[in-house]
Amino acid sequence: MRTRSLVASFFLTSLAGLASIGCSGESGSSTLAPLAIPEGCNPIAFEHDCMLPYPSDFYLVDDASMPTGKRVELTEAAKPKTAAEASFDLMANDPVDGFSTHQPIMAYFSTGVTAEGVLFHTDEPEKSLSADSKVLLIDAETGKTVPAWGEIDMNPPTPAERAIIVRPFSQLQYQKRYIVALQGLLEAKEDGSSGPLAKAPQGFARIRDKQADSDPALKPIADRYEKEIFPQLETLGVSRDKLQLVWDFTTGSEEHITRDLLFMRDDVIAKMEAAPPVVTVTKAVENTVMENENIWLRIEGTIRVPLYLESAELGARIHRDASGKVAQNGETEVPFLLQVPHSANPADANFEPMRILEYGHGAFGLREEINYSFMRGYTNQDKYIAASVDWWGMTEPDRNTVIERALMDQGTMFDFVDRLHQGIVNFIALSYALKGPIADLPELQRFGKTLYDANKLYYYGISQGAIFGVTMLALNPLLDRGVLGVGGGPYSFMMARSGSFVPFVALLQGPLQSALTISKLIMLSQNRWDRVDPMTYAPHLLKDTFPKSPPNRHILMQNAIGDHLVNHLSTHLVARAAGIPLLEGASDPVWGLDSVAGPADDAILFVDYKLSELPGVYCKLPPDTQEPEVHEEVRRNPKIKAQLDTFFQPDGMITNTCEGKCDPE
0 MRTRSLVASF FLTSLAGLAS IGCSGESGSS TLAPLAIPEG CNPIAFEHDC
50 MLPYPSDFYL VDDASMPTGK RVELTEAAKP KTAAEASFDL MANDPVDGFS
100 THQPIMAYFS TGVTAEGVLF HTDEPEKSLS ADSKVLLIDA ETGKTVPAWG
150 EIDMNPPTPA ERAIIVRPFS QLQYQKRYIV ALQGLLEAKE DGSSGPLAKA
200 PQGFARIRDK QADSDPALKP IADRYEKEIF PQLETLGVSR DKLQLVWDFT
250 TGSEEHITRD LLFMRDDVIA KMEAAPPVVT VTKAVENTVM ENENIWLRIE
300 GTIRVPLYLE SAELGARIHR DASGKVAQNG ETEVPFLLQV PHSANPADAN
350 FEPMRILEYG HGAFGLREEI NYSFMRGYTN QDKYIAASVD WWGMTEPDRN
400 TVIERALMDQ GTMFDFVDRL HQGIVNFIAL SYALKGPIAD LPELQRFGKT
450 LYDANKLYYY GISQGAIFGV TMLALNPLLD RGVLGVGGGP YSFMMARSGS
500 FVPFVALLQG PLQSALTISK LIMLSQNRWD RVDPMTYAPH LLKDTFPKSP
550 PNRHILMQNA IGDHLVNHLS THLVARAAGI PLLEGASDPV WGLDSVAGPA
600 DDAILFVDYK LSELPGVYCK LPPDTQEPEV HEEVRRNPKI KAQLDTFFQP
650 DGMITNTCEG KCDPE
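Numbering (numbering that gives the first Met the number 0), first residue to last: 0 to 664.
Structure below.
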């Protein structure tokens, strides 16, 4: 029986007589009248917020069709609501079989609480393992604490609207139960300063104090806590009477969130290996140096790619068969762009074919970014040919669809994640096209040779191109070398700190109004992002790789401290998940990352521009930007570009091209 269904029993029985004094089992306390818990609300903290804390196994129900045998289902009462009191559910059309391994863990006290004494990401992670840490995250199976930190969501304007968020320092494990415990939190005064100890919510207080026997809603929860939660806390040495809120949640399966994209990946690889994709040139233009100082040849065309969506139109969902499995829905023509710089224009037959970069563009951008000033100059200076397709789902035209959903139908706001599946497939198809039919195009032949060497095909992704570049590279059997510039993950973490999402949050303030509801939406969005998120696929980038992956894939991550669009904390998370070491001597140590001396096969580095204040230290939008805007500066740094040149080689290695630490001189 679902625990929360017991709440309804309160409304079926007269409870007036239960207020009399009596014994309460082993606690020896007074018998209390059952709490008036609204139906569908989580009983442990209902007076503060119906839904929170979350994630919580209170919302886990049986479902034999799911890999874990469970499904996350919000009650109608707990679903977020618009200003017009209309509920919405991000999981209605895409159910999940457990909670995310990397979503925000959120609790709320209506008085507000402060972060005083709460271990932060700037502190030593090992201190979070201590039994007296104000925020505890515990592996329920082993009873061991998990490194985690806490922060106050500073996006709501007043302390009383702000939730406390628990964040693990590393990705959690799949299909594992975790216990969250809060203790010693202080109330927030109106000015944000600390007040007295925050009181435990009524429901949890009764469970903690063994006063739940007479409450039909709390009794089964209390019984489970006594068997499955309090023993672990007691073993750790946590004082039960000091606990303010405790709950547990169980993560979902990797199979469920990856099976759609893995099916598409395996299917498109099989089809591309059986027959190369059909490539059609729609336009080819040669420029003189006077007409374009950097680009000599520009080729526009299409690649015929299997379609796994209901259509190629904006907003289309994944196409499924009668059983709900992904199915191909014909083919689609995917536009591509390829540009050859003047430096790759051969003078005679003795020319050496150039290296070619498959380029991943930024958030809600276009393939046309290879024609923007940076890439035009970079490819001409360092002698690369560049090619790109669009990240379907997060292109410039997709933005309008997302805006419309954000205003009118928040439950479907993240449906564009379906199109991102196809976008990743399209990049894999581009790799096959560049290895074969594009290399054979007459427009790219000079003196009997192709202008580029298909064996020197590499990936370069910046910002969004680095974020989803992790996912695409983990799935791509042809790309064995990639550079990820200013990327990170998971997406819900970046959203709450990124200047890129300020316009979307501003839009949501109209239909939602409540800042706490917007924070809930960001939290819940991770269930949708997981299906394509870099944190889902980072563990398969270098280790535990998928079938047909390159035997030796190499990754270079280039980032900056204080990036106001992709926070460097999110980069730490991806690097830890992928097992990418920190380049020794180039950056300060980062917890959880090994260090490696150059020359190295794989590495990450951070350029430190010595900003006076670091954007994104706190969960706050918009982040405080500083000059220079390092998100843009990293790629333009001559030392960073020099590092690319030594890495983008068949036997390339990563060296520290800075003079000591990259700072950035």
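Cβ atoms here follow ideal geometry from the backbone N, Cα and C, with glycine treated the same way.
Contact under 8 Å by Cβ, leucine 244 with isoleucine 298: Reading the sequence shown from its first residue, position 245 is the one you call residue 244. Reading the sequence shown from its first residue, position 299 is the one you call residue 298. No, the Cβ-Cβ distance between leucine 244 and isoleucine 298 is not below 8 Å.
Bridge partner(s) assigned by DSSP for glutamate 368: Locating residue 368 in the sequence shown gives position 369, counting from the first residue. According to DSSP, which records beta bridges pairwise, glutamate 368 is partnered with nothing at all.
Leucine 235 - DSSP class collapsed to helix/strand/coil: In the sequence shown, residue 235 corresponds to position 236, counting from 1. If DSSP states are grouped into helix, strand and coil, leucine 235 belongs with the helices.
Beta carbon of leucine 604 nearer than 8 Å to that of glutamine 557: As a working mapping, residue 604 is identified with position 605 in the sequence shown. As a working mapping, residue 557 is identified with position 558 in the sequence shown. Result yes, Cβ atoms of leucine 604 and glutamine 557 sit closer than 8 Å.
For leucine 477 and glutamate 431, the rounded distance between their alpha carbons: Within the sequence shown, numbered from 1, the residue matching residue 431 stands at position 432. Within the sequence shown, numbered from 1, the residue matching residue 477 stands at position 478. The sequence as given places tyrosine at residue 431; glutamate does not occur at that position. In this structure, the alpha-carbon of tyrosine 431 lies about 7 Å from that of leucine 477.
Inter-residue Cα distance where the pair is tyrosine 358 and valine 573: Walking along the sequence shown from the start, residue 358 turns up at place 359. Walking along the sequence shown from the start, residue 573 turns up at place 574. Cα to Cα, the separation comes out at about 20 Å.
Residues near histidine 318 in its chain [Cβ-Cβ closer than 8 Å; skip 5 each side]: Within the sequence shown, the letter at position 319 stands for residue 318. Closer than 8 Å at Cβ, skipping near neighbours: Leu306, Tyr307, Leu308, Glu309, Val325, Ala326, Gln327 and Asn328.
Residue span of the alpha helix (DSSP H) that contains phenylalanine 415, given as start and end: For the purposes of this step, residue 415 is identified with residue 416 of the sequence shown, where counting begins at 1. Run containing phenylalanine 415: 415-434, per the alpha helix (DSSP H) assignment.
Phenylalanine 605 - DSSP class collapsed to helix/strand/coil: As a first step, residue 605 must be located in the sequence shown, where it is residue number 606. The answer is strand: DSSP assigns phenylalanine 605 an E or B state.
Sequence-distant residues of the same chain with beta carbon closer than 8 Å to serine 86, five excluded per side: Along the sequence shown, read from residue 1 onward, the residue named residue 86 stands at position 87. The answer, listed in chain order, is Glu75, Lys78, Pro79 and Lys80.
Whole beta strand (DSSP E) elements within the segment 587-651, 3-residue minimum: 602-606
Given glycine 251 as reference, the closest of Ile423, Pro103 and Ser99 once Cα atoms are compared: Here residue 251 corresponds to residue number 252 of the sequence shown, with the count starting at 1. Of the candidates Ile423, Pro103 and Ser99, the one whose C-alpha sits nearest the C-alpha of glycine 251 is Ser99.
Presumed contact (8 Å Cβ cut-off) between isoleucine 579 and isoleucine 560, rounded CB distance: Here residue 579 corresponds to residue number 580 of the sequence shown, with the count starting at 1. Here residue 560 corresponds to residue number 561 of the sequence shown, with the count starting at 1. About 17 Å separates the two Cβ atoms, so there is no contact after all.
Valine 288, buried or exposed, once every other Cβ within 10 Å from all chains shown has been counted against 16: For the purposes of this step, residue 288 is taken as the residue at position 289 of the sequence shown. Exposed, since its Cβ has fewer than 16 Cβ neighbours within 10 Å.
Cα-Cα separation, alanine 473 to alanine 216: As a first step, residue 473 must be located in the sequence shown, where it is residue number 474. As a first step, residue 216 must be located in the sequence shown, where it is residue number 217. When rounded, the distance between both Cα atoms is 46 Å.
Inter-stretch contact (C-beta, 8 Å, three-pair minimum) for the segment 155-170 and the segment 256-271: no
Contact under 8 Å by Cβ, valine 112 with glutamate 46: As a position in the sequence shown, residue 112 is number 113, starting the count at 1. As a position in the sequence shown, residue 46 is number 47, starting the count at 1. Glutamate 46 is positioned such that its CB atom lies no closer than 8 Å to that of valine 112.
Backbone secondary structure at asparagine 558 - three-state DSSP: Along the sequence shown, read from residue 1 onward, the residue named residue 558 stands at position 559. In the structure shown, asparagine 558 sits in a strand (DSSP, three-state: E or B).
Aspartate 93 burial status per 10 Å Cβ neighbour count (16 or more: buried): Within the sequence shown, the letter at position 94 stands for residue 93. It counts as buried.
CA-to-CA distance, isoleucine 164 to valine 134, given in whole angstroms: Position 135 of the sequence shown, counted from the start, is the residue given in the question as residue 134. Position 165 of the sequence shown, counted from the start, is the residue given in the question as residue 164. Each residue's alpha carbon lies about 10 Å from the other.
Close Cβ partners of aspartate 88 (< 7 Å) along its chain, the five nearest in sequence each way excluded: Translated into the one-based positions of the sequence shown, residue 88 becomes position 89. Answer for aspartate 88: Leu73, Lys78 and Gly410, listed in chain order.
Of the listed residues Ser322, Arg445, Val388 and Asn399, nearest to aspartate 347 (C-alpha basis): The count along the sequence shown starts at 1 and reaches residue 347 at position 348. Taking only the C-alpha atoms, the option nearest aspartate 347 is Arg445.
Meets three-Cβ-pair contact criterion under 8 Å: the segment 127-146 and the segment 221-241: yes
Where the beta strand (DSSP E) containing arginine 303 begins and where it ends: Counting from 1 along the sequence shown, the entry for residue 303 is found at position 304. Counting along the chain, the beta strand (DSSP E) containing arginine 303 begins and ends at 294-305.
Range covered by the alpha helix (DSSP H) that runs through valine 573: Here residue 573 is taken as the residue at index 574 of the sequence shown, counted from 1. It spans 567-577 - the alpha helix (DSSP H) in which valine 573 sits, taken as one unbroken run.
Stretch-stretch touch, CB-based, cutoff 8 Å, three pairs: the segment 45-60 with the segment 475-492: no
Which residues DSSP lists as bridging tyrosine 58, in chain order: Mapped onto the sequence shown, residue 58 falls at position 59. DSSP lists no partner for tyrosine 58.
Run of the alpha helix (DSSP H) containing leucine 261, from where it starts to where it stops: Residue 261 sits at position 262 when you count from the first residue of the sequence shown. It spans 253-273 - the alpha helix (DSSP H) in which leucine 261 sits, taken as one unbroken run.
Cysteine 661 vs aspartate 607 beta-carbon contact at 8 Å: Position 662 of the sequence shown, counted from the first residue, corresponds to residue 661. Position 608 of the sequence shown, counted from the first residue, corresponds to residue 607. In this structure, aspartate 607 lies closer than 8 Å to cysteine 661 by Cβ.
Check whether aspartate 483 and valine 469 have beta carbons under 8 Å apart: As a first step, residue 483 must be located in the sequence shown, where it is residue number 484. As a first step, residue 469 must be located in the sequence shown, where it is residue number 470. The identity of residue 483 in the sequence shown is leucine, whereas the question assumes aspartate. Yes, they are a contact pair.
Per-residue burial, glutamate 123 [other beta carbons within 10 Å of its own, 16 or more giving buried]: As a first step, residue 123 is located in the sequence shown; it is residue number 124 there, counting from the start. Exposed.
Cutoff 7 Å; reference arginine 496; Cβ partners in own chain excluding five residues on either side: Position 497 of the sequence shown, counted from the first residue, corresponds to residue 496. Once the five neighbours on either side are set aside, the close Cβ partners of arginine 496 are Asn566, Gly615, Cys618 and Pro622.
Run of the alpha helix (DSSP H) containing asparagine 399, from where it starts to where it stops: As a working note, residue 399 is residue 400 in the sequence shown. From DSSP, the alpha helix (DSSP H) with asparagine 399 extends over 395-407.
Glycine 659, buried or exposed, once every other Cβ within 10 Å from all chains shown has been counted against 16: Numbered from its first residue, the sequence shown carries residue 659 at position 660. Burial call: exposed.
Inter-stretch contact (C-beta, 8 Å, three-pair minimum) for the segment 348-357 and the segment 438-457: yes
Rounded straight-line distance, which links the Cα of serine 518 to that of glutamate 160: The residue you call residue 160 lines up with position 161 of the sequence shown. The residue you call residue 518 lines up with position 519 of the sequence shown. Going from the Cα of glutamate 160 to the Cα of serine 518 covers about 10 Å.
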